[in-house]
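Position one of the sequence shown corresponds to residue 15 (this note's numbering), numbered consecutively onward. Glycine included, each C-beta is placed from N, C-alpha and C at the ideal position. Bear in mind the structure is a predicted one, so any value in this text is a computation, not a measurement. Accompanying notes for the structure given below.
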Amino acid sequence: MKIIVDCMSGDNAPEEIVKGAIAGADSYDTDVLLVGDENAIRKIIRENQLSERRVSIYHTPDDPITMDDDPSCIIKEKKDSSMATALRLLAEGGGDAVISAGNTGALFTGATLILKRVKGMRRAALGAIIPLGKPMLLVDAGANTDVHPEHLLDFARMGNLYMKKVLMIKNPAIGLINNGTEEKKGTELYVEAHKLLKNAGFNFIGNIEGRDVPEGIADVIVCDGFTGNIILKLCEGFGLFIKKTLEDMFYRNARTKLGAVFVLDSIKRLKKKMDYSEHGGAPFLGISKPVIKAHGSSNAKSISRCVLQAKNYARSGIINEFYELAQNKQKDTNSENN
Numbered sequence: 015m016k017i018i019v020d021c022m023s024g025d026n027a028p029e030e031i032v033k034g035a036i037a038g039a040d041s042y043d044t045d046v047l048l049v050g051d052e053n054a055i056r057k058i059i060r061e062n063q064l065s066e067r068r069v070s071i072y073h074t075p076d077d078p079i080t081m082d083d084d085p086s087c088i089i090k091e092k093k094d095s096s097m098a099t100a101l102r103l104l105a106e107g108g109g110d111a112v113i114s115a116g117n118t119g120a121l122f123t124g125a126t127l128i129l130k131r132v133k134g135m136r137r138a139a140l141g142a143i144i145p146l147g148k149p150m151l152l153v154d155a156g157a158n159t160d161v162h163p164e165h166l167l168d169f170a171r172m173g174n175l176y177m178k179k180v181l182m183i184k185n186p187a188i189g190l191i192n193n194g195t196e197e198k199k200g201t202e203l204y205v206e207a208h209k210l211l212k213n214a215g216f217n218f219i220g221n222i223e224g225r226d227v228p229e230g231i232a233d234v235i236v237c238d239g240f241t242g243n244i245i246l247k248l249c250e251g252f253g254l255f256i257k258k259t260l261e262d263m264f265y266r267n268a269r270t271k272l273g274a275v276f277v278l279d280s281i282k283r284l285k286k287k288m289d290y291s292e293h294g295g296a297p298f299l300g301i302s303k304p305v306i307k308a309h310g311s312s313n314a315k316s317i318s319r320c321v322l323q324a325k326n327y328a329r330s331g332i333i334n335e336f337y338e339l340a341q342n343k344q345k346d347t348n349s350e351n352n
């Protein structure tokens, strides 16, 4: 198994990316192909005395894609960047999955145009793990702002497969985010989507409200990308708020610090539950090969977990099941037309 890592993209690139990729390779028994400025990568390896036992390097001299770049630059001005090169290497069979902490729009554009969508799948989607107690998969988390009910059905099907095959949840609960639990709540899009999901044959638990997300009543949360991105950023902000509140509460003075000693283990467990770095990154669902979007501010620990996530994604066989899903959809369409 070889994981291709874009080392030059992200807020903490390249040092944290290189350190995390090599740590992941050592911890999770996989090889990594580090893509980026070879001199910079080798300097990081040398200065941190990192193992090169499972490491190979692919040099890219061009400037990396920044967070401010237009997504289309990955196939135009920066088609030889580390991100674009990593995706091309994956398309050519140079590895089994790609990890990048870079510009989400550029990575999604590149994955769609270089790797292509699964044939027959109308839209690919960004899945994001929300770490509030238990891992929940949010689909779509920002890739598709303008969708149709059939797209939301596809998102639910792909999320259902991902949770089964990658996170090993036998019967994932699928919830459709809405402003009420009644079947006819929400816009026409969500009313029609509810009808489709209700008859889809998986464990659909109906509409769920925003307050249901922290309670973890669904394993897969389905919505359009505009709504999903707001939910994702709100949950991230909520997690940071809780951490800061606990720190302010227990480290205010000597008395509160003493009190913290008695609940320190519980605080650590809570922080771990709400730490996105524990769960890796966001998988691109519906793309022909595995791509993991790491958080833009990922540290070495987060990238290391992304290596495990990418390995599990690649070996799960889920891509083949996406193709089967698309073929079955086509058969159903043909039957209806006949």
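Residues bridged to SER114 by DSSP?
Position 100 of the sequence shown holds residue 114. Paired residues: LYS307.
Pairing CB atoms from the stretch 26–44 with CB atoms from the stretch 312–326, are three or more of them under 8 Å?
In short, these stretches touch, since the Cβ pair count reaches three.
Skipping 5 residues on each side, what residues in its chain have a beta carbon closer than 6 Å to that of ASP110?
The sequence position of residue 110 within the sequence shown is 96, counting from 1. Closer than 6 Å at the Cβ level, and outside the excluded window around ASP110, lie MET15, LYS16, ALA328.
C-alpha gap between GLN63 and VAL69, whole angstroms:
Against the sequence shown, residue 63 aligns to sequence position 49. Against the sequence shown, residue 69 aligns to sequence position 55. C-alpha separation (whole angstroms): 13 Å.
Among GLN323, ARG266, ASP20, which residue has its Cα nearest to the Cα of ASP77?
Position 63 of the sequence shown, counting from 1, holds the residue named residue 77. Per the Cα distances, ASP20.
Alpha-carbon to alpha-carbon, ILE71 and LEU47
The residue given as residue 47 occupies position 33 in the sequence shown. The residue given as residue 71 occupies position 57 in the sequence shown. Near 6 Å, if we compare the C-alpha coordinates of ILE71 and LEU47.
Between the stretch 223–235 and the stretch 180–200, do at least 3 Cβ pairs fall closer than 8 Å?
Because the criterion of three Cβ pairs below 8 Å is met, the stretch 223–235 and the stretch 180–200 touch.
What residue range is occupied by the uninterrupted alpha helix (DSSP H) comprising PHE169?
Looking up residue 169 in the sequence shown gives position 155. Element bounds for PHE169: 163–179.
In this structure, how does DSSP classify ILE333 when only helix, strand and coil are distinguished?
The residue labelled residue 333 in the question sits at position 319 within the sequence shown. Correct three-state label for ILE333: helix.
Are the beta-carbon atoms belonging to ALA274 and LYS133 less than 8 Å from one another?
Residue mapping note: residue 274 aligns to position 260 of the sequence shown, counting from 1. Residue mapping note: residue 133 aligns to position 119 of the sequence shown, counting from 1. No.
Among ILE244, PRO145, ASP226, PHE122, whose alpha-carbon lies nearest the alpha-carbon of ILE256?
Working through the sequence shown from its first residue, we reach residue 256 at position 242. With distances taken between Cα atoms, ILE256 lies closest to PRO145.
Nearest-angstrom Cα separation, counted from ALA214 out to LEU167
For the purposes of this step, residue 167 is identified with residue 153 of the sequence shown, where counting begins at 1. For the purposes of this step, residue 214 is identified with residue 200 of the sequence shown, where counting begins at 1. Going by the C-alpha atoms only, they are around 8 Å apart.
Length of the line joining the Cα atoms of ALA308 and GLY253:
For the purposes of this step, residue 308 is identified with residue 294 of the sequence shown, where counting begins at 1. For the purposes of this step, residue 253 is identified with residue 239 of the sequence shown, where counting begins at 1. Their backbone Cα atoms lie some 18 Å apart in a straight line.
Mark ILE333 as exposed unless 16 or more other C-beta atoms lie within 10 angstroms of its C-beta, in which case mark it buried.
Here the question's residue 333 lines up with position 319 in the sequence shown. Buried.
Can you tell me where the alpha helix (DSSP H) holding SER302 begins and where it ends?
Residue numbering aside, residue 302 sits at position 288 when the sequence shown is read from its first letter. No alpha helix (DSSP H) holds SER302; DSSP gives it neither H nor E.
Sheet register partners of LYS208 (DSSP bridge)
On the sequence shown, position 194 is the one that residue 208 refers to. Reading off the sequence, residue 208 comes out as His, not Lys. Looking at the DSSP assignment, HIS208 forms no beta bridge with any residue, so it has no partner.
Taking the beta carbon of SER65 as the centre, do at least 16 other beta carbons fall within 10 Å, making it buried, or is it exposed?
For the purposes of this step, residue 65 is identified with residue 51 of the sequence shown, where counting begins at 1. By the neighbour-count rule (16 or more Cβ atoms within 10 Å), SER65 is not buried but exposed.
Going along the chain, which unbroken runs of the beta strand (DSSP E) with 3 or more residues stay wholly within the stretch 112–154?
139–146, 148–153
Mapping DSSP to helix, strand and coil, what is SER318?
Here residue 318 refers to the residue found at position 304 when the sequence shown is read from its first residue. Three-state result, SER318: helix.
Starting from LYS16, trace the beta strand (DSSP E) both ways and give me its first and last residue.
As a working mapping, residue 16 is identified with position 2 in the sequence shown. From DSSP, the beta strand (DSSP E) with LYS16 extends over 16–20.
Among all the DSSP beta bridges, which residues are the ones paired with SER65?
Here residue 65 corresponds to residue number 51 of the sequence shown, with the count starting at 1. BP columns for SER65 are empty, so no partner.
Opening and closing residue of the beta strand (DSSP E) in which ASP45 lies
Translated into the one-based positions of the sequence shown, residue 45 becomes position 31. First-last of the beta strand (DSSP E) with ASP45: 45–50.
Hey, ILE239 and ALA155 are a contact pair by Cβ (cut 8 Å); roughly how many whole angstroms apart?
Numbered from its first residue, the sequence shown carries residue 239 at position 225. Numbered from its first residue, the sequence shown carries residue 155 at position 141. Note on identity: in this sequence residue 239 is Gly, with Ile being the wrong assignment. Right, their Cβ atoms sit about 7 Å apart.
Mind reading off the beta-carbon distance from LYS303 to LEU129? Whole number of angstroms is fine, and I expect it under 8 Å.
Taking the sequence shown and counting its residues from 1, the one referred to as residue 303 is at position 289. Taking the sequence shown and counting its residues from 1, the one referred to as residue 129 is at position 115. Yes, LYS303 and LEU129 are in contact; Cβ-Cβ is about 5 Å, under 8 Å.
C-alpha gap between PHE298 and GLY173, whole angstroms
Taking the first residue of the sequence shown as 1, we reach residue 298 at position 284. Taking the first residue of the sequence shown as 1, we reach residue 173 at position 159. Approximately 10 Å, taken between the alpha carbons.
Cutoff 8 Å; reference GLN323; Cβ partners in own chain excluding five residues on either side
Within the sequence shown, residue 323 is the residue found at index 309, counting from 1. Answer for GLN323: VAL180, HIS293, GLY294, GLY295, PRO297, ILE306, listed in chain order.
Where in the stretch 204–270 do unbroken runs of the beta strand (DSSP E), each at least 3 residues long, occur, reported from the N-terminal end onward?
218–222, 234–236, all fully within the stretch 204–270.
Return yes when the C-beta of VAL132 is under 7 Å from any heavy atom of the ligand ZN, and no when it is not.
You won't find the ligand ZN in this model; it holds no ligand whatsoever.
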